[in-house]
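Notes follow the structure.
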Amino acid sequence: MSLFLKRTIFALYLVMIILLAVFPFSAANVGALNKMYVLDFRMDHILHVLAFVPLYPLAAWLFRPDSLKSSIILLAAGLLIAAIAEYIQLFIDYRAYNPADLISNMVGVFAGRFIWIFVKK
Numbered sequence: 001m002s003l004f005l006k007r008t009i010f011a012l013y014l015v016m017i018i019l020l021a022v023f024p025f026s027a028a029n030v031g032a033l034n035k036m037y038v039l040d041f042r043m044d045h046i047l048h049v050l051a052f053v054p055l056y057p058l059a060a061w062l063f064r065p066d067s068l069k070s071s072i073i074l075l076a077a078g079l080l081i082a083a084i085a086e087y088i089q090l091f092i093d094y095r096a097y098n099p100a101d102l103i104s105n106m107v108g109v110f111a112g113r114f115i116w117i118f119v120k121k
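For reference, each letter of the sequence shown is one residue, going 1 to 121 in the working numbering.
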């Protein structure tokens, strides 16, 4: 697959994450997700995890970390993106920062890292 296509896919994924972070979901009546539970986990937290699972595999697919150091840097970058996606909500009137969402975002990044380890073998 061409580098251009890989970059495009990764960029579209990042745009989707940013849009999900700033879109006024409370106006879209999705607050019901806060009341839905799956195995004692709130559905919105599960969706946060699932949204960030692809981040590390897509980044690794594009940047091809070839050492432990580059893998750690890629993981740190993923965690930073996950944190920024939640942190920017502090500055948006119709969104709310939630530490549990931040943790869910980061769990998704770690889950993506573990999936990449097993898929790459």
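The C-beta atom is built at its ideal place from N, Cα and C for all residues, glycine as well.
- In this structure, Gly112 keeps its C-beta atom at 8 Å or more from the C-beta atom of Phe23.
- For Arg7, the enclosing alpha helix (DSSP H) covers residues 3 to 22.
- In this structure the segment 87 to 100 does not lie against the segment 65 to 72, because fewer than three pairs of beta carbons, one per stretch, are closer than 8 Å.
- The three-state secondary structure of Arg42, taken from DSSP, is strand.
- Looking at Leu39, Trp61, Ala21, Ile18, the one whose alpha-carbon comes closest to that of Phe4 is Trp61.
- Following the DSSP letters along the chain, one finds Tyr87 inside the alpha helix (DSSP H) bounded by residues 68 to 87.
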